[in-house]
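Those sequence lines, one after another, are chains B and P. For the first sequence, position 69 matches number 69 in this note's numbering, and the numbering has no gaps at all. For the second sequence, position 16 matches number 16 in this note's numbering, and the numbering has no gaps at all. All C-beta atoms, glycine included, are put in the ideal place defined by N, C-alpha and C.
Protein chains: 2
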Amino acid sequence: MAEPAKSSPLSELRIALPSLPMRLQEVGRFVAANDYDATTRSMRDLAAEAGADPAAFTRLAKAIGYSGWDALRAALTESRRPSQISPFSGRAKSRRHGPNADVALVSDKLEAEAMGLPRIAAPPIVEAARALHDAKRIWITGYRSCRSVAELLNYELRLFRPEQVQLVGTSGPDDLDLGAFRPGEAVIVIGFLPYTHASVRVAQAAHRAGATLIAIADSLSAPMAEGADHVLLFEAASSPGFFPSLTGAIAIAQSLAAVTFSLGGPAAKKRLEHTEARLTAASTYVSEKG
Amino acid sequence: MAEPAKSSPLSELRIALPSLPMRLQEVGRFVAANDYDATTRSMRDLAAEAGADPAAFTRLAKAIGYSGWDALRAALTESRRPSQISPFSGRAKSRRHGPNADVALVSDKLEAEAMGLPRIAAPPIVEAARALHDAKRIWITGYRSCRSVAELLNYELRLFRPEQVQLVGTSGPDDLDLGAFRPGEAVIVIGFLPYTHASVRVAQAAHRAGATLIAIADSLSAPMAEGADHVLLFEAASSPGFFPSLTGAIAIAQSLAAVTFSLGGPAAKKRLEHTEARLTAASTYVSEKG
DNA sequence: TAATTCGTGCAACAAATGTTTCATGGCCGA
DNA sequence: TCGGCCATGAAACATTTGTTGCACGAATTA
Chain B
1 MAEPAKSSPL
11 SELRIALPSL
21 PMRLQEVGRF
31 VAANDYDATT
41 RSMRDLAAEA
51 GADPAAFTRL
61 AKAIGYSGWD
71 ALRAALTESR
81 RPSQISPFSG
91 RAKSRRHGPN
101 ADVALVSDKL
111 EAEAMGLPRI
121 AAPPIVEAAR
131 ALHDAKRIWI
141 TGYRSCRSVA
151 ELLNYELRLF
161 RPEQVQLVGT
171 SGPDDLDLGA
181 FRPGEAVIVI
191 GFLPYTHASV
201 RVAQAAHRAG
211 ATLIAIADSL
221 SAPMAEGADH
231 VLLFEAASSP
241 GFFPSLTGAI
251 AIAQSLAAVT
261 FSLGGPAAKK
271 RLEHTEARLT
281 AASTYVSEKG
Chain P
1 MAEPAKSSPL
11 SELRIALPSL
21 PMRLQEVGRF
31 VAANDYDATT
41 RSMRDLAAEA
51 GADPAAFTRL
61 AKAIGYSGWD
71 ALRAALTESR
81 RPSQISPFSG
91 RAKSRRHGPN
101 ADVALVSDKL
111 EAEAMGLPRI
121 AAPPIVEAAR
131 ALHDAKRIWI
141 TGYRSCRSVA
151 ELLNYELRLF
161 RPEQVQLVGT
171 SGPDDLDLGA
181 FRPGEAVIVI
191 GFLPYTHASV
201 RVAQAAHRAG
211 ATLIAIADSL
221 SAPMAEGADH
231 VLLFEAASSP
241 GFFPSLTGAI
251 AIAQSLAAVT
261 FSLGGPAAKK
271 RLEHTEARLT
281 AASTYVSEKG
């Protein structure tokens, strides 16, 4: 196995974790999960809270290459020192070339996308959620990279409205679903430049069928936004990256699902709990650990 | 003796500072200026660096109203604890009822998610991208809501590396793919609390096979992060919503794809152009209109 | 089955920690 | 000038810290 980067003591710990004895794994996990306490409180204190032997901490430190717990904690403390993280402007010194160019690129991209989120208009989302709440059935469409957004929306809505939500094109060719749109139903279409023909066709079919059309797009002039009852806008090109940013679309989708759920009231809550209970019963999840 | 329940230990210190003896002022200023070291290093250590007597620290603490240096440091430690992600709690007083309640909810959610993005660490993303660049093959895994992230990553990476990227579980049962992991390949696992058994199984299989494991998760203590060569963290619970936030994961995924593409150089660019040309020729997109 | 290694908890150890005491020296009021 | 007061540094104190040696039990190997 390739030797991993020794960037942080915590990552060294994680990497060595699986090959450690059981008790040391427990302690290691505890340290990873409570790294702040690990740097501030005493070893015996941590041991008491973790329900482990104090010696285990010393042994853990030695097992991953440190001279003792003191050395591990010192490394942890240094890696957590805030001075190196806080100043955003300090990144300006990073040169355009060299190994840090990519880091600067990523940081800029994240920061740019963060700026875009608060610019999303909330009221249209709430209105669209009301439309979804009233809809007898909900269809969701998204192609290419927007398919991920469509599937997320489909997934979250189905958590509390399983029978009434459906992705277009999953139970056969898209064209079959296009003919199934009815008044009183809602169709969500997600897309941005360049727009796919398929998404436009779905939007047109929805409009023609008299269904409520909700478009999540990057522009009011997007083809699938024509004739839409609700248009939710996000900035796809806000980031200096190569691919259009989808964080805005994802944020809209999740907000839409959250508000729709909120409108659903106790019934939706009960439904969600029921779904979660079923998943838990099927032991889908890893059980909570101590 | 009663401990003061004031706002912040540091502000108490600053307030009481001018009325203190000269030597205690020096020490107090040192503590205020190096509060991180004050919580992590020992009293004698600080005294040595400040060029003061260790006893001065005890006297300082008592002068402010604490029972001793230990009490002061404990207060400092608690006030600095990072888990309190509550710079927003002040605004939480916005009306809970009325027609605008949902709008406020959405706005808060978007703002909270925007705050989370810049907190994502960029260097690990770049390192992970290097690993992807070197990988002979890339597997991607994500279940439940994380599947949307996995599919987005799969889509974007396939734009310029079509043959070497594959979603786990698309060409048959997951278990078939699990046996196909090889050293020199990279496996990406995306997940957050509650963690699915399936994702943990994939991570373990990757680790066992000697493949490079990249985990995109909400915590260092996530099961699939154990033994991972790269862990990319995002905040899933940062928003006051019902479903875990995925904007962080999406942002990481897109940054990862962007940097990997960047590392690919002209070859990747050529490949992407080729793919785009093919899609255009198939008239997938709506032609630019005037 | 016997021998051996390994993981683990317990307890004792030396070192380091925070606190206290004491002696010193400067300052101000009498 | 004297006497009391306070700030200050050094050293001694009890406590707590991280560490290590030892014994017991389980798992592994011959």
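- Contact of B:K109 with chain P is assigned, a C-beta pair being separated by under 8 Å.
- Pairing P:A215 with B:E49, the inter-Cα distance amounts to about 28 Å.
- Of the other Cβ atoms in all chains shown, fewer than 16 fall within 10 Å of the Cβ of B:P21; this residue is therefore exposed.
- Along the stretch 239-258 of chain P, the positions whose C-beta sits under 7 Å from a C-beta of chain B are G241, F242, F243, S245, L246, T247, I250, A251, Q254, S255, A257 and A258, read in chain order.
- A distance below 8 Å separates the beta carbons of B:L246 and B:S145.
- According to DSSP, residue pairing for B:L233 in a beta bridge involves B:A217.
- P:V149 has a beta carbon lying within less than 8 Å of a beta carbon in chain B.
- Linking B:R81 to B:S11 through their CA atoms gives a straight-line distance of about 16 Å.
- In the pairwise beta carbon analysis, the stretch 188-199 of chain B is classified as touching the stretch 219-230 of chain B: at least three pairs are separated by under 8 Å.
- Counting only runs of 4+ residues, the alpha helix (DSSP H) found wholly inside the stretch 37-85 of chain P occupies 43-50, 54-64 and 69-80, in chain order.
- Beta-bridge partners assigned by DSSP to B:Y285: P:T196.
- Secondary structure note for B:Q166: its beta strand (DSSP E) is the uninterrupted segment V165 to L167.
- Listed along chain P are H207, E226 and G227, each with a C-beta nearer than 7 Å to that of B:P18.
- Out of P:A258, P:S171, P:Q204 and P:P118, the CA that lies nearest to the CA of P:L152 is found in P:A258.
- B:E111 and P:P54 have their C-alpha atoms spaced approximately 44 Å apart.
- For P:S79, no Cβ of chain B is located within less than 8 Å of the residue's own Cβ.
- P:T141 has its alpha-carbon roughly 52 Å from the corresponding atom of P:G68.
- According to the DSSP assignment, B:A114 belongs to no beta strand (DSSP E) but to the alpha helix (DSSP H) extending over A101 to G116.
- Within the stretch 118-131 of chain B, the residues whose Cβ lies closer than 8 Å to any Cβ of chain P are, in chain order, P118, I120, A122, P123, I125, V126 and A129.
- In this chain, the beta strand (DSSP E) harbouring P:A186 covers A186 to G191.
- In summary, the residues of the stretch 38-55 of chain B whose CB is separated from some CB of chain P by less than 9 Å are T39, T40 and R41, in the order they occur in the chain.
- Measuring C-alpha to C-alpha distances from P:R130 to each of P:P118, P:G116, P:A150 and P:G184 identifies P:G184 as the nearest.
- By the neighbour-count criterion, in which 16 or more other beta carbons inside 10 Å mark a residue as buried, P:P244 falls on the buried side.
- In this structure, DSSP gives P:I120 a state outside helix and strand, which the three-state scheme calls coil.
- Listed along chain P is no residue with a C-beta nearer than 9 Å to that of B:E12; the closest approach is about 11 Å.
- The residue from B:K136, B:G210 and B:A104 with its alpha-carbon nearest to that of P:I125 is B:A104.
- A distance below 6 Å between beta-carbons, with the five flanking residues on each side excluded, links P:E235 to the following residues of its chain, in chain order: G116 and G248.
- Annotated three-state conformation of P:G264 is helix, per DSSP.
- Residue-level contact by beta carbon holds for P:V231 and chain B, with a gap shorter than 8 Å.
- P:I120 sits close to P:A251, with the two beta carbons spaced by under 8 Å.
- Those residues of the stretch 190-204 of chain P placed with their C-beta closer than 7 Å to a C-beta in chain B are P194, Y195, T196, H197 and V200, ordered along the chain.
- Within 10 angstroms of the beta-carbon of P:P173 lie fewer than 16 other beta-carbons, which makes it exposed.
- Under the 8 Å criterion on CB atoms, P:S221 is classed as interfacial with respect to chain B.
- Annotated three-state conformation of B:G179 is coil, per DSSP.
- For B:T280, DSSP records no beta bridge to any residue.
- The beta carbons of B:A206 and B:F181 sit about 5 Å from each other, so the pair counts as a contact at 8 Å.
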